[in-house]
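Novice:
Residue numbers (the numbering used here): 18 to 142.
Here it is in structure tokens:
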């Protein structure tokens, strides 16, 4: 189980990386960002170095990274599964869910019996 709840980081070259560990945070901090001179980016890098040295918790470094990435629009918001399923169900037409049933004159569906297989006869040579 990853130590942090996964977030998806998008670089300026449109690479998408899941960030779940402090190593992933360090790797993402080294990639391309729109503005590496921003205060939030610099403080996140400083807190990351302190976390690697053991002076602060990895959770603080992760939260600082997420804050800096959100400020610069680098976090991809994952849609919740419930929202995706609801959108897909809404796109299905009602006719496709319950197609008209073919019924017999008596109101019951008839079963089609499978034909019994023909047994091969032994042929004398």
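C-beta: ideal position from N, C-alpha, C; glycine also.
Computed from a prediction, not measured in an experiment: that's the story for all the values here.
#1: Decide if residue 65 is buried, meaning its Cβ has at least 16 other Cβ atoms within 10 Å, or exposed.
#2: What residue does the alpha helix (DSSP H) around residue 69 start on, and which one ends it?
#3: Are the beta-carbon atoms of residue 45 and residue 21 separated by less than 8 Å?
#4: Closest to residue 81 by C-alpha separation, out of 49, 37, 63 and 31, would be which residue?
#5: Would you call the segment 27 to 37 in contact with the segment 54 to 63, where contact means no fewer than 3 C-beta pairs closer than 8 Å?
#6: Between 86, 73, 93 and 94, which lies nearest to residue 54 when the distance is taken from Cα to Cα?
#7: Under three-state DSSP, which class holds residue 91?
#8: For residue 88 versus residue 57, is the C-beta spacing smaller than 8 Å?
#9: If you follow the beta strand (DSSP E) that residue 27 is part of, which residue opens it and which one closes it?
Specialist: Taking the coordinates as given:
#1: buried
#2: 56 to 70
#3: For the pair residue 45 and residue 21, the CB atoms are not nearer than the 8 Å cut-off.
#4: 63
#5: no
#6: 86
#7: coil
#8: yes
#9: Looking at the DSSP string, the run of the beta strand (DSSP E) that includes residue 27 is 24 to 27.
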